[in-house]
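What follows is a single structure, written as structure tokens, with notes after it.
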Ligand code: 2HA
Ligand code: ZN
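In this note's numbering, the protein residues as written are 11 to 280.
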């Protein structure tokens with residue numbers, strides 16, 4: 011067996027959590043990531059018959075039976091992942107209609123998967139329906155996006171249009187826009203189901219007064235989505251209180267659509 015700490019998915023996960031912490035998106039135990047792994051990738055590093063513990067998940071997701079996930083631990087700090095990956099991360103395989111998870115590696119202090127496991131797993135189910143290549147669900151608390159949810163309407167069209175107008179590349183990076191949930195109690199199946207529903211039509215879902223969820227085919231894409239939306243939110247906060255003299259017009263957005271071969275969400279541009 012090869013050393014799992016050298017596995018590309020592990021190296022990338024450690025780099026990403028470290029980088030997200032450095033961006034200030036994951037204070038204390040804030041944020042969580044789940045990476046769907048291929049059985050063949052895991053097999054090089056783990057004996058998949060060796061189950062350390064079986065953990066009830068508290069939800070049902072038959073679509074995920076037999077799927078492997080690398081997941082951040084509950085109560086764990088992104089800041090610490092690089093120093094003790096085996097304590098702060100775990101590798102799980104779902105079974106029994108997703109109601110149980112076999113722990114194959116990690117959480118060595120007796121820990122558990124993230125409290126947002128339902129939102130992650132339900133979002134994976136939703137994203138796989140849209141794009142079978144989707145492997146990542148990422149949640150964090152970027153300050154500017156969070157701040158915008160206090161002073162801007164949470165109407166999804168308006169919220170999306172504001173972000174699109176803040177940087178030229180926004181509509182190119184997330185043409186489907188940003189979906190938004192009002193404040194809800196986190197860590198529950200209810201917010202998990204609501205997030206998954208929103209994930210059917212966009213890879214970014216803002217949680218009002220809490221943070222953001224991103225989904226994508228790899229960690230780079232998903233990080234980049236959140237990074238771009240967060241940058242737009244930062245610019246909005248720099249200008250929202252000033253008279254706006256210039257903007258990116260809908261006509262210019264249509265030029266971007268043509269130039270980059272993308273299509274903004276139906277009905278979001280005039
Ligand atoms: O504590 O971010 O939403 C982890 C979280 C919960
Ligand atoms: Zn959170």
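Even for Gly, the Cβ is constructed at its ideal location relative to N, Cα and C.
Neighbourhood of residue 204 by C-beta distance below 8 Å, restricted to the same chain and skipping five residues each side: Here residue 204 has 191 and 194 as same chain residues with Cβ atoms under 8 Å from its own Cβ, once five neighbours each way along the sequence are excluded.
For residue 238, three-class secondary structure by DSSP: Reduced to three states, the DSSP call for residue 238 is helix.
Test item: CB-CB of residue 128 and residue 198 under 9 Å: Judged by their CB atoms, residue 128 and residue 198 are nearer to each other than the 9 Å cut-off.
Buried versus exposed call for residue 49 [16 or more other C-beta atoms within 10 Å across all chains shown]: Here residue 49 is exposed, its C-beta having fewer than 16 other C-beta atoms within 10 Å.
Nearest residue (CA-CA) to residue 139, options 176, 212 and 166: Residue 212 is the option with its Cα nearest to residue 139.
Own chain partners of residue 41 with C-beta closer than 7 Å, once the 5 adjacent residues on each side are dropped: Correct list, in chain order: 30, 35, 88, 149, 150 and 151.
Cα-Cα separation between residue 228 and residue 17, rounded to whole angstroms: As the crow flies, the alpha-carbon of residue 228 is around 15 Å from that of residue 17.
Residues bridged to residue 46 [DSSP beta-bridge criterion]: Its beta-bridge partners are 79.
Any non-hydrogen atom of the ligand ZN within 8 Å of residue 217 CB: True, at least one ligand heavy atom lies under 8 Å from that Cβ.
Of the listed residues 25, 276, 207 and 20, nearest to residue 167 (C-alpha basis): Relative to residue 167, the option among 25, 276, 207 and 20 whose CA is nearest is 276.
Entirely enclosed beta strand (DSSP E) segments - the segment 90 to 169, minimum 3 residues: Secondary structure remark: continuous beta strand (DSSP E) runs of at least 3 residues inside the segment 90 to 169, in chain order: 99 to 105, 110 to 116 and 146 to 150.
Stretch-stretch touch, CB-based, cutoff 8 Å, three pairs: the segment 177 to 189 with the segment 108 to 122: Verdict: no, contact absent.
Alpha-carbon to alpha-carbon, residue 97 and residue 91: C-alpha separation (whole angstroms): 8 Å.
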